[in-house]
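Here's the structure, in structure tokens; my notes come after.
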Amino acid sequence: MISGYVRRAGLVDVLGTYGRTNVQGETQQKLDVIANETMKQAFMYTGRVCVMGTEEEAEPIPIPEQYNPGKYVLLHDPLDGSSNIDVNVSIGTIFSVYDRKTGSGPGTLEDCLQKGRDQVAAGYVIYGSSTVLVYTAGHGVHMFTLDPTIGEFRLCGHDIKTPAVGKYYSINESYYQRWSEGYRAVVRAFKGVEDSEHRKNARYIGSLVADFHRNLLAGGVFMYPADSKAPKGKLRLLYEAAPLAFVAQQAGGVASDGVTPILDIQPTELHQRTPLLIGSREDVAFVERTVAEVDAVAAT
Ligand code: P6P
306 MISGYVRRAG LVDVLGTYGR TNVQGETQQK LDVIANETMK QAFMYTGRVC VMGTEEEAEP
366 IPIPEQYNPG KYVLLHDPLD GSSNIDVNVS IGTIFSVYDR KTGSGPGTLE DCLQKGRDQV
426 AAGYVIYGSS TVLVYTAGHG VHMFTLDPTI GEFRLCGHDI KTPAVGKYYS INESYYQRWS
486 EGYRAVVRAF KGVEDSEHRK NARYIGSLVA DFHRNLLAGG VFMYPADSKA PKGKLRLLYE
546 AAPLAFVAQQ AGGVASDGVT PILDIQPTEL HQRTPLLIGS REDVAFVERT VAEVDAVAAT
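Note that the working numbering gives residue 481 to position 176 of the sequence shown, counting from 1, and the numbers run on in steps of one.
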């Protein structure tokens, strides 16, 4: 349904802004709002979900008694990267699923604030050159492509594993002046400034799902560190970092905030931000090691 709107964005009146800002203070694109409403309608009446948390709304959305609240918690970013919609850059929906913690009835914020390691499923849909669903339920990562001729998702990747060392590094280099010395050293190494041992190709789309998906398949490391302007990073823990961290882990990759595994972070707020370092396990380890070493020296 969301793919249908995205693919017609230039033809129906869904481009441009909705004239409001969301809880993040970000200008809502019309497609953001449509995607959020689509996700809510799709899961409100299934009897499978007791509460939803969405990037687009400040508070959790409990499923009312009359709709038979179910045993799962659904957290989602209905359309991530939406600033790219009007310029036809790939965007995506990210989702994260937990078992409820409360007993019965409409779910609560407590049900939403669970560690990523307790997810029972997670994944994303990327609206790119094709519409691709990638998910894990804790038994490997599997990929499906929407076949528009039959309206079905068809398996195109079973038990995907991400390379231990990747081809790409992804970071917004316009923030160079805000980074710690450690991240500056990492990027210089990836550029091959001193030597070519860690040299990689730079790829940064500015759409998390697209950057993550490319690195998942080809290997690579995505970095959105904390910096002088974003001391907690920009990306959201519950419906961006944690679901992608679960997918990365199941594909043999890893994700941290630079120090702590993303999956071990105990959330305290629905929309809390986190620095994010995610992708090929040896690349992530190199970044963590280099940043720790260089920033320790810089601190003395
Ligand atoms: P920056 C898109 O707005 C988004 O939330 C992610 O999809 C993307 O990775 C990031 O922000 C890009 O942020 O600061 O590099 O423009």
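In this text, a Cβ means the ideal position worked out from N, Cα and C, and glycines have one as well.
Reduced DSSP category for residue i - H, G, I as helix; E, B as strand; rest coil
| i | result |
| --- | --- |
| D464 | coil |
| R459 | strand |
| Y403 | strand |
| R422 | helix |
| Q334 | strand |
| S561 | strand |
| V394 | coil |
| Y509 | coil |
| S475 | strand |
| T326 | strand |
| I567 | helix |
| Y529 | strand |
| I339 | helix |
| R483 | helix |
| L316 | coil |
| L540 | coil |
| A469 | coil |
| Y429 | strand |
Boundaries (first-last residue) of the beta strand (DSSP E) holding residue i
| i | result |
| --- | --- |
| H447 | 446 to 452 |
| D550 | Before going on, a small fix: residue 550 reads as Ala here, not Asp. No beta strand (DSSP E) contains A550, which is instead part of the alpha helix (DSSP H) from 547 to 555. |
| I307 | Taken as a continuous stretch (DSSP letters only), I307 belongs to no beta strand (DSSP E), being part of the alpha helix (DSSP H) at 307 to 312. |
| Y440 | 436 to 441 |
| T359 | 354 to 359 |
Cβ distance (whole Å) where residue i is taken to contact residue j below 8 Å
| i | j | result |
| --- | --- | --- |
| S585 | V526 | 6 Å |
| Y544 | D416 | Not really, about 14 Å apart at Cβ, beyond 8 Å. |
| K537 | Y529 | In fact, because the Cβ distance is near 11 Å, the residues do not count as touching under 8 Å. |
| L400 | Y377 | The sequence shown places Phe at residue 400, rather than the Leu named in the question. Not quite, the Cβ-Cβ distance comes to about 11 Å (not below 8 Å), so this is no contact. |
| V328 | E362 | 6 Å |
| F517 | L549 | 5 Å |
| G433 | S395 | 4 Å |
Beta-carbon spacing of residue i, residue j below 8 Å
| i | j | result |
| --- | --- | --- |
| Y481 | R489 | yes |
| S387 | D337 | yes |
| A546 | V446 | no |
| A553 | I510 | no |
| R541 | R578 | yes |
| L575 | A560 | no |
| F348 | A427 | no |
| A340 | L384 | yes |
| E486 | A597 | no |
| E478 | V492 | yes |
| Y379 | T573 | Note on identity: in this sequence residue 379 is Leu, with Tyr being the wrong assignment. Not a contact, by the Cβ cut-off of 8 Å. |
| R519 | Y474 | no |
Beta carbon proximity, residue i to chain C, threshold 8 Å
| i | result |
| --- | --- |
| D404 | Among the protein chains of the structure shown there is no chain C, as only one such chain exists. |
Rounded C-alpha distance that separates residue i from residue j
| i | j | result |
| --- | --- | --- |
| K420 | Q571 | 5 Å |
| A523 | I431 | 16 Å |
| A442 | G375 | 18 Å |
| P411 | F449 | 32 Å |
| S308 | T436 | 7 Å |
| Y323 | K335 | 5 Å |
| T467 | A590 | 15 Å |
| L414 | R504 | 44 Å |
| I476 | T351 | 39 Å |
| E360 | V470 | 32 Å |
| V354 | E593 | 37 Å |
| E502 | G558 | 21 Å |
| P369 | T565 | 36 Å |
| D500 | E342 | 50 Å |
| A507 | K496 | 8 Å |
| D562 | T595 | 14 Å |
| P367 | G408 | 14 Å |
Limits of the alpha helix (DSSP H) - the one that residue i falls within
| i | result |
| --- | --- |
| H381 | It is not in any alpha helix (DSSP H) - H381 instead sits in the beta strand (DSSP E) that spans 377 to 385. |
| V589 | 586 to 604 |
| L522 | 513 to 523 |
| R489 | 486 to 496 |
| L414 | 414 to 417 |
Heavy atom of the ligand SAM within 7 Å of residue i beta-carbon
| i | result |
| --- | --- |
| S512 | For the structure depicted, the ligand SAM is absent and the ligand set comprises only the ligand P6P. |
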